[in-house]
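Written out below as structure tokens is the structure these notes cover.
Dropping the structure here:
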């Protein structure tokens, strides 16, 4: 086997590894999205701590951080979620919870990407999703 054959085999093995990992992470994210939907529907709040009759996150073995994150990813529309997973898989890139959340936070709330400059102001994207030359900040 020559070195180019070895490099090709290594690349195929790495792609299979990323694909298998992405399948597992997608399954985990789908479960967390569903858990977030359920938690949001329960309407758990801090409330009156004098009464022991209220249901708490700890009774479910869920931390406040997990609950918050799961509910955040549950609010991401399914088409945006699917497109994130598809684009990462096609590109051979890893799927992650933080990547999904960052993508959603860079949208204008309806799944369309917006461009922002370091000052935080948003510019109207063109059809390609990139700011048009007239809306780009000057250098």
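In the numbering used here, the protein residues as written are 72 to 210. All C-beta atoms in this analysis are idealised placements derived from N, C-alpha and C, irrespective of residue type, glycine included. None of these values were measured; they are calculated from a predicted model.
Query                                                                                                                   : Result
Enclosing alpha helix (DSSP H) for residue 146 [first to last residue]                                                  : Here residue 146 belongs to no alpha helix (DSSP H), and DSSP marks it neither H nor E.
Cβ neighbours of residue 160 in the same chain (closer than 6 Å, five flanking residues each side left out)             : 93
The stretch 165 to 181 contacting the stretch 141 to 155, beta-carbon criterion three pairs below 8 Å                   : yes
Closest by C-alpha distance to residue 148, when choosing among 104, 76, 74                                             : 104
Nonlocal neighbours in the same chain, by C-beta distance under 6 Å from residue 88, ignoring five residues either side : none
Candidates 134, 132, 115, of which the one nearest residue 126 by Cα                                                    : 115
Pair within 8 Å by beta-carbon distance, residue 273 and residue 166                                                    : Since the first residue shown for the chain is 72 and the last is 210, residue 273 is missing from the structure and cannot be characterised.
Length of the line joining the Cα atoms of residue 155 and residue 131                                                  : 29 Å
Test item: CB-CB of residue 110 and residue 138 under 8 Å                                                               : yes
Coarse secondary structure for residue 178, derived from DSSP in three states                                           : strand
Rounded C-alpha distance that separates residue 113 from residue 169                                                    : 25 Å
Separation of residue 100 from residue 134, as counted between CA atoms                                                 : 17 Å
Distance, residue 91 Cα to residue 84 Cα                                                                                : 11 Å
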